[in-house]
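A.B. asks: Please find one structure pasted underneath; my questions will follow.
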Amino acid sequence: MADNLVFKIIKEHLVSGDFSGEGEIGIRVDQTLTQDATGTIAYLQLESMGLDKVRTELSVSYIDHNTLQSGFENADDHRYLQSVAANYGIWFSRPGNGICHQVHLERFGVPGKTLLGSDSHTPTAGGLGMLGIGAGGLDVAVAMAGGPFYLSLPKVIKVNLVGELPSWVGAKDIILELLRRLSVKGGVGKVIEYGGPGIDHLSVRDRSTITNMGAELGATSSIFPSDEVTLDFLRKQGREEVWKPLAPESGAHYDEEITIDLSSLEPLVAIPHSPDAVKKISEVEPIAVDQVAVGSCTNGSYSDLRLLAAIMGDNVIHPGVSLVVSPGSRQTYLTLAREGVMEKLVSSGARILESACGPCIGMGQAPSSGGVSVRTFNRNFRGRSGTADAQVYLAGPAVAAVAALKGFLTDPREIGSYPDLPDESPPVIDDRMLIPPRKENDPPVEVLRGPNIKPLPLNKPLPENLKVRVALIVGDNITTDDITPGGSKVLPLRSNIQALSEYVFDALDSSFTDRAKEFKSSIIIAGDNYGQGSSREHAALAPMFLGVKAVVAKSFARIHHSNLVNYGIIPLVFKNPGDHERFNIGDLLVIDDVYAQLSGGNTVIIRAESGSEIEIGHNLSERQIEIIRVGGLLNLTRGDKR
Ligand code: MIC
Ligand code: SF4
164 MADNLVFKII KEHLVSGDFS GEGEIGIRVD QTLTQDATGT IAYLQLESMG
214 LDKVRTELSV SYIDHNTLQS GFENADDHRY LQSVAANYGI WFSRPGNGIC
264 HQVHLERFGV PGKTLLGSDS HTPTAGGLGM LGIGAGGLDV AVAMAGGPFY
314 LSLPKVIKVN LVGELPSWVG AKDIILELLR RLSVKGGVGK VIEYGGPGID
364 HLSVRDRSTI TNMGAELGAT SSIFPSDEVT LDFLRKQGRE EVWKPLAPES
414 GAHYDEEITI DLSSLEPLVA IPHSPDAVKK ISEVEPIAVD QVAVGSCTNG
464 SYSDLRLLAA IMGDNVIHPG VSLVVSPGSR QTYLTLAREG VMEKLVSSGA
514 RILESACGPC IGMGQAPSSG GVSVRTFNRN FRGRSGTADA QVYLAGPAVA
564 AVAALKGFLT DPREIGSYPD LPDESPPVID DRMLIPPRKE NDPPVEVLRG
614 PNIKPLPLNK PLPENLKVRV ALIVGDNITT DDITPGGSKV LPLRSNIQAL
664 SEYVFDALDS SFTDRAKEFK SSIIIAGDNY GQGSSREHAA LAPMFLGVKA
714 VVAKSFARIH HSNLVNYGII PLVFKNPGDH ERFNIGDLLV IDDVYAQLSG
764 GNTVIIRAES GSEIEIGHNL SERQIEIIRV GGLLNLTRGD KR
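Remember, this note's numbering sits 163 above the position in the sequence shown when you count from 1.
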């Protein structure tokens, strides 16, 4: 059977398993990336593996998330990460150098290679034909130590782009259209491969906006072929030597095909509070806007920001709007500054932030109460902006520019003709904020651990019988932001699980932490797509610290499912979704001979105090059951060494 592009790359990297779709496959990881909010845990784990140096072709540690330093915590973490990177042969991208995904695309991405990142938007690299996959920090640490990355063989969806985008419609509208069609769980277990004549008109930056938000579909990855457009991008980055052409074989097999006629698209927006709540702007306008935020790993590129400036022209923003702009990378910042675009933005009233995630993860610039914020970002989960009742809309940079000028979310086509943009200038290449790995003979560096960095809690091996109480019952699409929130108050606690655990499920049910502590050993009952969103393993680690032993859900998001396993929490799946209704908070449940049940097939019997029994399933591999048996992947890795 002719191979699609995804299978071609997987074949070249396959170290275990096969293409039958049975069991897991293991793939070799060429490159890794981490960011500071997930990196501290990943490197604490790497340190515990006793290596002298990473075994990957390239690993990069980025500082981009926790950049507001309102206390010592974030700065301590940065210092720790820099010293670990120096010791283990890892590149270090200093704070101010930009958002991991954008910098990686610009400076390190290589078509046809695999990239594992401790951030869910790692598939951004698919914009240049790289297979980027998001994972928990522990999986990334294992990859840095030379271990394979395990996953179920994904289904591959071909998205055929035909026609050309009309003016005022951009790459963001393409991915919003796909989210409208497929929903936030439509991509689970799948990789999305783009093709068709429409891709010829999409730049690598456009392509990476689309692959970036494949994460919002729940997809394992998203990828474009590597073609002349890719070559042009890499040439401008001074890296054309890493280019190679990559395309699917002719007549390649796909599990599903979808066609989008680009010429039929119009400006779209995701309304509060989910990236798949997509509407035509013409259906929802006008909506008065308080804040406009442009940036993030989705739409913080040079092309996005110069479009914003061109639309604003010599005008100043509407008096009711605060416009914040965060260039996605220092390269973007410098190129725009050299071109005079930064001056234009400032003169239009933009508040320029550093090149970092910033408002996207609630690290500053929280909107006013009940405020409407139009953002070029990728997630609008309730409360993520830092304001619990803010109304966040996701749209492309053209829509954002018009909203900033008019004070209303409105169809940009109404303001007249699309601006005439001059040719793009070549990017400013200046890698001085990237610290290369230390040379072979350089002396080791002292690892600097501030008081914010606490040792990692470990789970215990699985008991013979599990006795748990129901500590929480939730519905569908619970995000990792719901489990362990972002924001400038909680993010600095990422290296201190005990402190972080006080905030688990805080916005959904502030009594959860106390209840879980009281029950000592507990279980969570959930709906579909549990744990969607980010890769943060804290959403497993902090509940584990509070005694959560298992989660029964209708279905799980991929990364969170793996993170639960990695920390020894059992992810169980309802065989009969209606059973979700049979539980109450505080119910005492017993799973007898739990290991024997897990390894004996895919049925697990949960016994209630009343004596009634419920048949539950699981989709754990033998490898995962083994991890759960010993109480987590770290215990297994350590055990292997003994
Ligand atoms: C996000 O966009 O939610 C984050 C913050 O980048 C996360 C990582 C994290 O929680 O640190 C992600 O996408 O994986
Ligand atoms: Fe940063 Fe937002 Fe991208 Fe996550 S989605 S990496 S917080 S910019």
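For each residue, glycine too, the CB sits at the ideal point set by N, CA and C.
Within 8 Å, do at least three Cβ pairs link the stretch 528-544 to the stretch 450-459?
C.D. replies: Yes, the stretch 450-459 is in contact with the stretch 528-544.
A.B. asks: So, do the stretch 631-645 and the stretch 690-702 have three or more beta carbon pairs nearer to each other than 8 Å?
C.D. replies: yes
A.B. asks: Could you spell out the range, first to last residue, of the beta strand (DSSP E) harbouring PHE312?
C.D. replies: Start and end: 312-315.
A.B. asks: According to DSSP, is LEU888 helix, strand or coil?
C.D. replies: Shown here, the chain extends from 164 to 805; a query on residue 888 therefore has no answer.
A.B. asks: Entirely within the stretch 409-485 and at least 4 residues each: give me those alpha helix (DSSP H) ranges in chain order.
C.D. replies: Counting only unbroken stretches of 4 or more residues, the alpha helix (DSSP H) elements lying wholly within the stretch 409-485 are 444-447, 459-462 and 465-475, in sequence order.
A.B. asks: Rounded C-beta distance between PHE571 and GLU448? I'm assuming under 8 Å.
C.D. replies: 7 Å
A.B. asks: In terms of residues, what are the limits of the beta strand (DSSP E) holding LYS353?
C.D. replies: 353-358
A.B. asks: Looking at the ligand SF4, does it come within less than 7 Å of ARG699, judged from the CB to the closest heavy atom?
C.D. replies: no
A.B. asks: Going by beta-carbon coordinates alone, are ILE337 and LEU168 separated by less than 8 Å?
C.D. replies: no
A.B. asks: If distances are taken between C-alpha atoms only, which option among GLY349, PRO388 and GLY381 comes closest to GLY359?
C.D. replies: PRO388
A.B. asks: Note down, in chain order, each residue of its chain lying with its Cβ closer than 6 Å to the Cβ of ARG883, except the 5 sequence neighbours on either side.
C.D. replies: Within the shown structure, residues of the chain are numbered from 164 to 805, placing residue 883 beyond reach of any answer.
A.B. asks: In the DSSP assignment, find the unbroken beta strand (DSSP E) run with LYS321 in it and report its ends.
C.D. replies: 318-325
A.B. asks: Compute the beta-carbon to beta-carbon distance between VAL178 and PRO311, rounded to the nearest angstrom, for a pair I have assumed lies under 8 Å.
C.D. replies: Taking 8 Å as the upper bound for CB-CB distance, VAL178 and PRO311 are in contact here, some 5 Å apart.
A.B. asks: Quickly, what does DSSP pair LEU751 with across the bridge? List them, please.
C.D. replies: ARG632
A.B. asks: Assign SER246 to one of three DSSP states: helix, strand, or coil.
C.D. replies: helix
A.B. asks: What residue ranges within the stretch 523-569 form continuous alpha helix (DSSP H) runs of no fewer than 4 residues, ordered along the chain?
C.D. replies: 560-569
A.B. asks: What span of residues does the beta strand (DSSP E) with THR203 cover, start to end?
C.D. replies: Not the beta strand (DSSP E): THR203 falls in the alpha helix (DSSP H), residues 199-211.
A.B. asks: Look at the alpha carbon of VAL112 and the alpha carbon of GLY774, and state the distance between them as a whole number of angstroms.
C.D. replies: This structure leaves residue 112 out entirely; the chain is present only between 164 and 805.
A.B. asks: Who are the Cβ neighbours of LEU339 in its own chain at under 7 Å, not counting the five residues just before and after it?
C.D. replies: Cβ neighbours of LEU339 beyond the five flanking positions: LEU431, ALA433 and VAL441.
A.B. asks: Since ASN729 contacts ASP302 with CB under 8 Å, what's their CB separation in whole angstroms?
C.D. replies: 7 Å
A.B. asks: Can we say the stretch 597-613 touches the stretch 512-526, given the rule of at least three CB pairs closer than 8 Å?
C.D. replies: no
A.B. asks: Counting C-beta neighbours from all protein chains within 10 Å, is the total for VAL479 16 or more, i.e. buried, or is it exposed?
C.D. replies: Here VAL479 is exposed: its Cβ has fewer than 16 other Cβ atoms, across all protein chains shown, within 10 Å.
A.B. asks: I need the boundaries of the beta strand (DSSP E) containing ARG191, first residue and last residue.
C.D. replies: For ARG191, there is no enclosing beta strand (DSSP E), since its DSSP letter is neither H nor E.
A.B. asks: Could you name the residues of the same chain whose beta carbon sits closer than 6 Å to that of ARG786, not counting the 5 residues immediately before and after it, in chain order?
C.D. replies: none
A.B. asks: According to the Cβ coordinates, are ASP199 and GLY613 closer than 8 Å?
C.D. replies: no
A.B. asks: For ARG257, I'd like the list of residues in its chain whose CB is within less than 6 Å of its CB, leaving aside the five on either flank, ordered along the chain.
C.D. replies: MET596
A.B. asks: What are the start and end residues of the alpha helix (DSSP H) that includes ILE578?
C.D. replies: Looking at the DSSP string, ILE578 is not in any alpha helix (DSSP H), and its letter there is neither H nor E.
A.B. asks: What would DSSP say about ILE592, mapped onto helix, strand or coil?
C.D. replies: coil
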